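Its first residue numbered 249, the sequence shown is counted upward by one per residue in the numbering used here.
Structure first, then comments.
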Amino acid sequence: MKRAWSLLLLALLTAWPGTSLATGGGKSLRYGGGGQGTVMFDGRLHASKGFRCADCHTKLFDTQKVAHVTMADHFTDKACFKCHNNTNKTDPMAASRDCATCHRKVASNAVTSTDAMAGVIATAFTGDDAAKAVLLSGKQGATAQSTACLSCHGAATPPKPVTERGKTLNLHVDVADYQHGTHANIPCATCHTGQKGADSFTQVPHAVARPDNATCLSCHNVGLAHQIKAFGQSTHAEKLKDKVSCGSCHNPHAQPKKPEQVAYASLTAMYNAQCLACHDNAAKLQELSGKSVPDAKAAHAFLTNWSAHSRSVMCVECHTPVADPNDHLIGEKKTAVRDCATCHTEAGKSLIVARATPHTGGAAPVTSGYFPPNQVAPVLSTIGGTAVSGVFALVLVHGLGRAWPRRRPVGTLVSHDLYPAFVRVTHWINAGLFAILGYTGLSVRFQEAAWALGLEPATRIHNVCGLLLAANFLAYVIRAVATGDIRQYLPGGQGGMGPLSIQARYYCYGIFRGEPHPFPVTRERRFNPLQRTAYLAVFLIGLPVLITSGGLLLLPEAVTAAIAPRRFLVAAHYSIVIGFALFVVGHLYLATTGATPLSLIRGMVTGRHEEVQTTGQHPDKEQGPD
249 MKRAWSLLLL
259 ALLTAWPGTS
269 LATGGGKSLR
279 YGGGGQGTVM
289 FDGRLHASKG
299 FRCADCHTKL
309 FDTQKVAHVT
319 MADHFTDKAC
329 FKCHNNTNKT
339 DPMAASRDCA
349 TCHRKVASNA
359 VTSTDAMAGV
369 IATAFTGDDA
379 AKAVLLSGKQ
389 GATAQSTACL
399 SCHGAATPPK
409 PVTERGKTLN
419 LHVDVADYQH
429 GTHANIPCAT
439 CHTGQKGADS
449 FTQVPHAVAR
459 PDNATCLSCH
469 NVGLAHQIKA
479 FGQSTHAEKL
489 KDKVSCGSCH
499 NPHAQPKKPE
509 QVAYASLTAM
519 YNAQCLACHD
529 NAAKLQELSG
539 KSVPDAKAAH
549 AFLTNWSAHS
559 RSVMCVECHT
569 PVADPNDHLI
579 GEKKTAVRDC
589 ATCHTEAGKS
599 LIVARATPHT
609 GGAAPVTSGY
619 FPPNQVAPVL
629 STIGGTAVSG
639 VFALVLVHGL
649 GRAWPRRRPV
659 GTLVSHDLYP
669 AFVRVTHWIN
679 AGLFAILGYT
689 GLSVRFQEAA
699 WALGLEPATR
709 IHNVCGLLLA
719 ANFLAYVIRA
729 VATGDIRQYL
739 PGGQGGMGPL
749 SIQARYYCYG
759 IFRGEPHPFP
769 VTRERRFNPL
779 QRTAYLAVFL
789 IGLPVLITSG
799 GLLLLPEAVT
809 AAIAPRRFLV
819 AAHYSIVIGF
829 ALFVVGHLYL
839 ATTGATPLSL
849 IRGMVTGRHE
859 EVQTTGQHPD
869 KEQGPD
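Shown next, in the form of structure tokens:
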């Protein structure tokens with residue numbers, strides 16, 4: 249009867265889903281979770297080799313405690329499960345947690361040590377027995393074995409063998425990264441298992457099995473069920489099958505022990521390098537996928553600055569579900585985050601800040617558009633807003649003064665040809681481009697606003713219009729130089745500051761009294777002295793700085809670094825934009841100071857300039873407003 253109950257208990261343990269592992273001999277082993285607490289591995293590999301509970305929990309069996317002596321009499325794993333059954337809160341405190349207790353045997357004898365790792369052979373050590381005993385104790389033993397491997401694989405000029413297909417293999421291991429990594433205390437042969445006994449590591453190339461997912465999961469399976477399932481559903485696993493493994497994304501020779509103590513930028517560089525090892529190589533992508541696939545830079549053409557993003561943001565930030573920072577479900581490109589506002593707004597759902605904040609150096613702010621994380625942009629925004637508001641107030645007061653009943657010139661309204669067609673066309677192209685650039689630029693800067701255009705389309709449109717503005721300006725300059733029209737913008741004649749004072753007096757005083765313009769408009773002199781000064785500044789400073797700074801911001805930072813720091817370019821671009829905002833407000837207002845409020849605007853459409861041919865004034869009769 250007891251035998252029947254024992255068989256029934258064994259059957260139940262074997263059938264229990266997710267809690268038992270069946271070995272080749274039909275034994276049932278149970279590791280991880282529940283009553284026995286958290287252990288370092290789930291024993292999948294160990295169970296497959298026939299190891300039993302007592303192989304690690306030896307101290308319990310050596311004691312004289314009745315409970316364990318009784319179980320020791322059975323000396324079978326099912327006896328352990330009577331208590332350690334996921335319900336009883338017993339803790340195997342006496343278990344050996346030093347892997348080197350067994351695995352150091354691998355290194356102790358290069359010829360016969362095949363018992364612990366089923367054929368794994370490590371390079372033999374040199375030196376006397378006393379030194380060897382020290383080297384083979386725990387951590388030091390693992391370090392000694394790794395040193396033997398790194399003498400070649402960590403060399404400054406590591407071997408780069410060429411396969412039968414002509415492919416060069418990179419077998420280099422960065423020694424510094426490895427020694428500071430989480431796997432530094434594990435012998436190399438733990439993962440790189442030998443396949444030909446004593447000759448496994450003496451042959452070149454070595455006869456070792458390539459680590460795969462099962463190798464990683466023999467230790468890392470505990471608590472990773474969600475990640476394992478998600479990775480199995482990812483596009484890499486579905487399309488590439490066994491061509492991709494844990495090591496394709498996680499570099500086992502550089503995985504840091506405590507990632508939170510590593511600067512986020514350094515982790516980004518390490519992880520992205522793993523992605524770009526394939527995705528930055530079109531030929532390798534085609535080899536893996538069997539079809540022509542664009543490389544990473546081409547696939548991310550929609551990003552304003554690919555270099556900055558690939559250096560500052562982990563690929564997985566956008567290519568895994570945003571809600572879970574540990575999710576391993578890497579989807580197809582159509583599922584990736586493409587909404588720039590996810591990161592670049594205060595209300596964004598980006599995990600970058602949350603994920604990076606615990607790391608050394610913290611997280612770089614990304615919520616202020618494309619402006620650097622400093623105080624330049626907020627300060628300039630305040631200055632610009634104040635200046636534009638001031639100009640608007642000045643224009644409003646000046647306009648109310650003009651609308652007040654005043655004297656007006658008396659005469660006939662006449663017109664004559666003045667503005668060439670080319671000038672008019674380029675003028676209205678400029679006007680349209682400035683309107684679009686203003687809206688899209690403000691959308692980029694104030695992405696949180698309800699009126700703002702989406703960041704991605706705003707950036708694309710802004711960049712295209714910037715290039716069109718540069719082309720339009722270049723065409724205008726070429727035509728002005730070729731026809732001599734450039735003289736319209738150059739200071740000429742005598743008088744120094746006198747003409748400027750006369751024109752300023754007219755705007756501040758004469759215009760309210762209905763005085764005629766002090767400088768009549770002719771083909772040879774289309775602009776008054778103040779206009780000429782303003783347009784000269786636009787020609788020589790405004791547009792060149794605006795176009796140059798904007799153009800440089802389109803280039804990778806690696807290219808522009810030798811010219812000017814990126815934050816300087818941003819500050820210069822933003823500052824000149826504020827200047828143009830002031831210019832446009834004043835320009836639009838002064839366009840209403842012609843013979844009639846719309847005559848100057850009408851002239852830029854028809855090409856004909858309208859003015860009052862004065863026949864005298866009525867000094868005793870005040871004229872109504874325009």
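Glycine included, C-beta positions come from ideal geometry on N, C-alpha and C.
Here the structure is a predicted model, which is why all the values come from computation and not from measurement.
Item                                                                                                       : Value
CA nearest to the CA of A651, picked from K489, G442 and I759                                              : I759
Coil, strand or helix - R693 by DSSP                                                                       : helix
Cutoff 8 Å; reference A584; Cβ partners in own chain excluding five residues on either side                : C566 and H567
Inter-residue CB distance, P754 and P766 (contact presumed, cutoff 8 Å)                                    : Before going on, a small fix: residue 754 reads as Tyr here, not Pro. Sure, about 5 Å apart at Cβ, within 8 Å.
Buried or exposed by the 16-neighbour rule on C-beta atoms within 10 Å, applied to F640                    : exposed
Local conformation of T441 per DSSP, three classes                                                         : coil
In DSSP terms, what P504 is bridged to                                                                     : G429
Neighbour-count burial assignment, S448, 16 or more Cβ in a 10 Å radius                                    : buried
Rounded straight-line distance, which links the Cα of R780 to that of M745                                 : 13 Å
First and last residue of the uninterrupted alpha helix (DSSP H) at T516                                   : Y512 to H527
Start-to-end residues for the alpha helix (DSSP H) that takes in G758                                      : It is not in any alpha helix (DSSP H) - G758 carries neither H nor E in the DSSP assignment.
Inter-residue spacing [alpha-carbon to alpha-carbon] between V832 and S560                                 : 37 Å
Three-way DSSP call (helix, strand, coil) for R586 in this model                                           : coil
Unbroken alpha helix (DSSP H) run spanning M562, endpoints                                                 : From DSSP, M562 is part of no alpha helix (DSSP H); its letter is neither H nor E.
V662, buried or exposed, once every other Cβ within 10 Å from all chains shown has been counted against 16 : exposed
Three-way DSSP call (helix, strand, coil) for H401 in this model                                           : helix
Distance between beta carbons of I789 and L628, contact taken as under 8 Å                                 : No, L628 and I789 are not in contact; Cβ-Cβ is about 17 Å, not under 8 Å.
Backbone CA spacing between V614 and K581 [nearest angstrom]                                               : Reliability fails at V614, whose pLDDT of 47 lies under 50, so the model's placement of it is uncertain and the value that follows must be treated cautiously. Computed Cα separation, rounded: 23 Å.
Rounded distance between the beta-carbons of V769 and L666, thought under 8 Å                              : 7 Å
T660 - partner residues in DSSP beta bridges                                                               : Q861
Distance between Q503 and T371 (C-alpha atoms, nearest Å)                                                  : With a pLDDT of 36 at T371, under the threshold of 50, the modelled position of that residue is not reliable, and the figure given next carries that caveat. Cα to Cα, the separation comes out at about 24 Å.
For E704, the first and last residue of its enclosing alpha helix (DSSP H)                                 : L703 to T731
Validate contact between the region 515-524 and the region 478-494 using beta carbons, cut 8 Å, 3 pairs    : no
Nearest-angstrom Cβ-Cβ length linking R586 and E696, presumed shorter than 8 Å                             : Actually they do not touch by this definition, with Cβ atoms about 19 Å apart.
Segment contact flag, the region 808-823 with the region 716-728, C-beta cutoff 8 Å, min 3 pairs           : no
Bounding residues of the alpha helix (DSSP H) (the contiguous stretch that carries F767)                   : First-last for F767: undefined, no H or E at that position.
Contact between the region 508-515 and the region 435-445 (3+ Cβ pairs under 8 Å)                          : no
Check whether H576 and S482 have beta carbons under 8 Å apart                                              : yes
Cβ-based burial, V645 [other Cβ within 10 Å; buried from 16]                                               : exposed
Range of the contiguous alpha helix (DSSP H) that encloses L509                                            : The sequence shown places Gln at residue 509, rather than the Leu named in the question. Per DSSP, Q509 belongs to no alpha helix (DSSP H) and is neither H nor E.
Beta-carbon spacing of L802, N711 below 8 Å                                                                : yes
Secondary structure of D422, DSSP reduced to three states                                                  : coil
Whole-angstrom C-beta distance between G714 and G632, which should lie under 8 Å                           : Actually they do not touch by this definition, with Cβ atoms about 19 Å apart.
Cβ neighbour criterion (16 or more within 10 Å) applied to G402                                            : buried
Exposed unless 16 or more other CB atoms sit within 10 angstroms - verdict on S847                         : buried
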